[in-house]
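**Student:** Structure in structure tokens, see below.
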Amino acid sequence: MPVGIDLNHPVRVPEKPALEGLEPKWMHTWEETGVYRFDRTRPREEVYSVDTPPPTVSGSLHVGHVFSFTHTDIVARFQRMRGKAVFYPMGWDDNGLATERRVQNYFGVRCDPSLPYDPAFQAPDKPGKQPISVSRPNFIELCTRLTAEDEKAFEALWRYLGLSVDWDMTYATIGARAQRVSQVSFLRLFKQGHAYQLEAPTLWDVDFRTAVAQAELEDREQPGAYHRIEFALANDRRKVAIETTRPELIPACVALVAHPDDERYKPLFGTDAITPLFGVRVPIRPHELAEPEKGSGIAMICTFGDVTDVIWWRALSLPVRAIIQPNGALKPIAWGSAGWESTDAPRAQQAYDQLANLSAAKARAKIVELLKESGDLIGEPRPITHAVKFYEKGDRPVEIVTSRQWFIKTLQFRDVLLERARELHWHPAYMQTRLENWINGLNGDWCVSRQRFFGVPFPVWYPVLEDGSRDYANAIVPSEDQLPLDPSTAVPAGYRVDQRDRPGGFSGDPDVMDTWATSSLTPQIAGRWLEDPDLFARVFPMDVRPQAHDIIRTWLFSTVLRAHLEFGSLPWANAAISGWVLDPDRKKMSKSKGNVVTPMGLLEEHGADGVRYWAASGRPGTDTAFDTGQMRVGRRLAIKLLNASKFVLANPEPRSDVFEPVDRGLLTMVGRLVRESTQDLEDYNYASVLQKAETLFWFFCDNYLELVKSRRYGDQGAAAAGSANSALLNALSGLLRLFAPYLPFVTEEVWSWWRPGSVHAAPWPTAQELFDVAGGEDADAARTLELAAAILGEIRKKKSEEQRPLKTAVARAVVRLPESDRALLSKAEADLRASGLIQELIVEAGEALHVTVQLAAPEPPQERSA
RNA sequence: AGGCGCGUAGCUCAGUGGUUAGAGCGCCUGCUUGACACGCAGGAGGUCGGUGGUUCGACUCCACUCGCGCCUACCA
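Take a look at the structure:
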């Protein structure tokens, strides 16, 4: 029978072990020794690669980040101990609007692309009241500077939390590498016809003045009102009433539409109506999407009030009569001119002049006055609350504005993407339906261009025609080896610098890519696709994408799409979806609610291991309550590990084979735990592993340690003590390694007292190694230990009930238990007598376990004074 | 409106057909026991959201229903 653990390595146990200071101590050691460095010589099948979510570098990390990144780290650490070369890079999302907004506020600047670069520009220390206008290159310099500062702070936090990241592999979503990957990928899509540009109605944020994508919209409940408005009929004395929440769009009306089977309106199909105030003839048309139940059953189609308007406009081939400008104000219009014909142009002009240049909201109030005066508004507006679409970062509802934008095709890949969704292994499995829901609800291709500054430019130029217009149909593209480039400074092949924006010359595409157009390429960016094909082949497709459920429709979806289009594969085998952290009111913790706790403060108060313990208790996909109580419990567990380990390691000799059934039972229990835990962790069930390991560890402390305490001090001879010591050391070794992914600091500390190297580079324990030390898995031995522990518990209970000290002796204990258990218990009797201080132990056959305890008489009081 | 998830002790959560439903926290009681007072031992506390069904047996499976959260759609 092998003894297992060898102790040639010196054992050094501190006098008073403590958690304080473990984080700085070990995070620096790990950096120096490079335990978490990726071994890029290993073939793909020996690699475990993580498509790390890059946190947005625009402010600070919050407790939700700590929560979900801990989950990923646990899995990464497990895989590393299993022998995989773990590719676990950190990424920074420093791209996009969030960064722009933060730079604007932090420095008090605004980007004005028309300004020239000022190399001497110094940002003020404090933002002034009036924003300073800076050139685009200056603005981008400030973005780069601020994100670099934030990234330092983020890295410090992650190290303190103990993330086992390879910091040599850090990537960012802006910068040359990400730009090149984004531009190459885009150009390939363009050449394959999967990316195209089109002048079309697009979702538009009027404050940011940029196009936005369907995936970036959110509903917000807003007050509104139904306005019942009468339209005259061209060939009839009668009128027809529509209901609208957006009366200010009446000048943009191009048709009325009702359901084809709606008897009320059937006779009107094919005739015209006349818009109130503006006198525009608009056709009345049938369409199935019109709902007879809604409003008056006949709707006004405007260009464009909402997405349904766009559908109708396309389906019915209606003209465009757009009035909302990119800034959200109503465009001035000359009534009577082409496209704005009116039966009464002067009156239309007189009315419209009161609306022009007003925002939609103000124009709405104004036109209601006008409609009241003209008598076209029937009754009072009926107030309602309705959901309105907003850009998720915006402050006013999105409008639909016609503009030229780049799109990546998605609609035609719907079916194959649904297949990909099913091919992916989801943790938890039910999250798959979220992606399917989203794919099934797609209503247009993905708009990827944004009219912003800090982002990846489209590497495209257009010939400028003699009339000064751009020839969009014949875009000029660079070769891949020229990338990355900025078409606003780079000159296309065959042109001279001075031909920029000149007839016969060229003009750069002014837009930047949507942040998701870059983020969807994180596996390619992190894996250094193109620049390091050898590395990429070893890590891609990746093993896991960890992310939260709220960005399935954006990040997860777009990454799947890009990998499918570029490689014809999934980007990863697994998607591990984490939940949110909820505050005690069950609301999502967020900055805007002012209930965010700073992660560093938590780590300092509860210890990284304590915070990780809380995080690890949140199961995949499950929203978890923010609970400092759980962090305290985790901290206590870590302290217990220190103290129990100190006890085990304080007297590790003598040692011998493990032959005592109680000891063999312990190793059987630990081995079984290891077997289950390994399977659970393979399946991403990290939370249940922690729970089970914790339960067994407390059993180990409360029962096993108490049972063998006197024996290992030599009360039953050297061989019996040796059996206990060997079992203790091997069980401790197994338990420490089991806890290592969860509590990396305390386990490393204890490991360093007696084992060479890092516990995080140690092999994951196997059930077999523990069974081997025990001379085989032994269910009977485990039962022996359980029985002894149960009886010990009964004895403690008696002492507690009688309010006597635990060191009180038991005069007589009568144990009744089934015949089969009787033989098993007999093998633990010596330990039981010793730990329970039992003077007389009688074991009888009975139905079920029953213990009668008679405590020794209390010591007579020394003195009693009257 | 459709979909997904959740509803178990005061709180946070385990428990997917089998004796009397579990843990931790909190609460109460006791104990300075040769690792640990940042400790140890014990106790009280639940008609498992509701109704009905399947079954020898239901927290667990089915149907309906109530409440909460989220996703998607609609939002004239």
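Numbers 141 to 1006, taken from the working numbering, label the letters of the first sequence in order.
Glycine is no exception: its CB is placed at the ideal position from the N, C-alpha and C atoms.
This one's a predicted model, so the numbers in the text were calculated from it and none came from an experiment.
#1: Across which residues does DSSP place Trp-586 in a beta bridge pair?
#2: Taking the beta strand (DSSP E) that Asp-357 belongs to, which residues open and close that run?
#3: Less than 7 Å separating the beta-carbons of Val-983 and Val-955?
#4: Alpha carbon to alpha carbon, how far is Thr-906 from Gly-811? Give it in angstroms, no decimals.
#5: What's the gap between the Cα of Ala-929 and the Cα of Leu-845?
#6: Under DSSP, the alpha helix (DSSP H) around Lys-832 begins and ends at which residues?
#7: Within the same chain, show all residues whose beta-carbon is closer than 6 Å to that of Ala-392, passing over the 5 residues directly before and after it, in chain order.
#8: Report the residue from His-367, Arg-685, Ser-609, Glu-361 whose alpha carbon sits nearest the alpha carbon of Leu-710.
#9: Only counting the same chain, and skipping five residues up and downstream in sequence, which positions put a Cβ closer than 6 Å to that of Pro-881?
#10: Taking all protein chains shown into account, do 16 or more other C-beta atoms lie within 10 angstroms of the C-beta of His-990, making it buried, or fewer, making it exposed?
#11: For the 8 Å Cβ check, are there 3 or more pairs between the region 793-804 and the region 174-190?
#12: My output table needs one value for Glu-1003: the three-state DSSP class, helix, strand or coil.
#13: Among all the DSSP beta bridges, which residues are the ones paired with Asp-345?
#14: So, for Ile-280: in the same chain, excluding its five sequence neighbours on each side, which residues have a beta-carbon less than 8 Å away from its beta-carbon?
#15: Quick check on the DSSP output: what are the complete beta strand (DSSP E) runs of length 3 or more inside the region 237-306, in order along the chain?
#16: So, helix, strand or coil for Ser-325, using DSSP?
#17: What three-state label does DSSP hand Gly-231 in the structure shown?
#18: Does the region 321-340 come into contact with the region 479-497, if we say contact requires no fewer than three beta-carbon pairs (one atom in each stretch) closer than 8 Å?
#19: Pick helix, strand or coil for Asn-614, following the three-state DSSP scheme.
#20: Buried or exposed for Thr-313, please, with buried defined as at least 16 other CB atoms from any protein chain shown within 10 angstroms of its CB.
#21: What are the boundary residues of the alpha helix (DSSP H) that includes Val-215?
#22: CB-CB under 6 Å to Lys-731, same chain, minus the five flanking residues each way: which ones, in chain order?
#23: In the DSSP assignment, find the beta strand (DSSP E) that holds Leu-957 and state where it starts and stops.
#24: Can you have a look at His-567 and say buried or exposed, based on whether 16 or more other CB atoms are within 10 angstroms of its CB?
#25: At the level of alpha carbons, what is the spacing between Pro-794 and Gly-857?
#26: So, for Lys-939: in the same chain, excluding its five sequence neighbours on each side, which residues have a beta-carbon less than 6 Å away from its beta-carbon?
#27: Can you give me the Cβ contacts of Arg-504 inside the same chain, cut-off strictly under 8 Å, excluding the 5 residues immediately before and after it?
#28: Assuming Leu-517 contacts Val-528 (C-beta within less than 8 Å), just tell me the rounded distance between them.
#29: Rounded to whole angstroms, what's the CA-CA distance from Tyr-635 to Ala-485? Just pull it up for me.
#30: Quick check: the region 649-661 against the region 696-703, are there 3 or more CB pairs under 8 Å?
#31: In terms of residues, what are the limits of the beta strand (DSSP E) holding Ser-718?
#32: Suppose the cutoff is 8 Å on Cβ atoms and the five residues either side in sequence are ignored; what does the same chain contact list for Arg-944 look like?
#33: For the alpha helix (DSSP H) holding Asp-683, just list the boundary residues, first then last.
#34: Measuring straight from C-alpha to C-alpha, what distance separates Glu-370 and Ala-381?
#35: Short of 7 Å in beta carbon distance, which residues of its chain neighbour Ser-514, apart from the five on each side in sequence? Order them along the chain.
#36: For the region 898-967, list the alpha helix (DSSP H) runs that are entirely contained and at least 4 residues long, ordered along the chain.
**Tutor:** By the coordinates alone:
#1: Answer is Ile-548, bridged to Trp-586.
#2: Sequence inspection shows Leu at residue 357; the Asp mentioned does not correspond to that position. Here the beta strand (DSSP E) through Leu-357 covers 357-373.
#3: yes
#4: Cα-Cα distance, rounded: 7 Å.
#5: Roughly 10 Å between the two C-alpha positions.
#6: Here the alpha helix (DSSP H) through Lys-832 covers 826-839.
#7: Cys-442, Thr-443, Arg-461, Ile-463
#8: Arg-685
#9: Ile-214, Arg-217, Phe-218
#10: Classification of His-990: exposed, given that the 10 Å Cβ count is below 16.
#11: no
#12: Reliability of the predicted coordinates at Glu-1003 is poor, the pLDDT of 45 falling under 50, and no value is obtained from them.
#13: Thr-350
#14: Phe-593, Phe-594
#15: 249-251, 272-274
#16: In the structure shown, Ser-325 sits in a helix (DSSP, three-state: H, G or I).
#17: strand
#18: no
#19: helix
#20: Buried.
#21: 203-221
#22: Residue placement at Lys-731 cannot be trusted, given a pLDDT of 48 that sits under 50; what the coordinates show is reported in the next sentence. Hits under 6 Å: none found.
#23: Note, Leu-957: beta strand (DSSP E), 950-957.
#24: buried
#25: 10 Å
#26: Leu-946, Thr-948
#27: Arg-386, Pro-387, Glu-388
#28: Wrong, their Cβ atoms sit about 22 Å apart, outside the cutoff.
#29: 49 Å
#30: yes
#31: 712-718
#32: Leu-995, Pro-998
#33: Per DSSP, Asp-683 belongs to no alpha helix (DSSP H); it is in the beta strand (DSSP E), 682-688.
#34: 4 Å
#35: Pro-416, Leu-417
#36: 907-913, 919-941, 959-966
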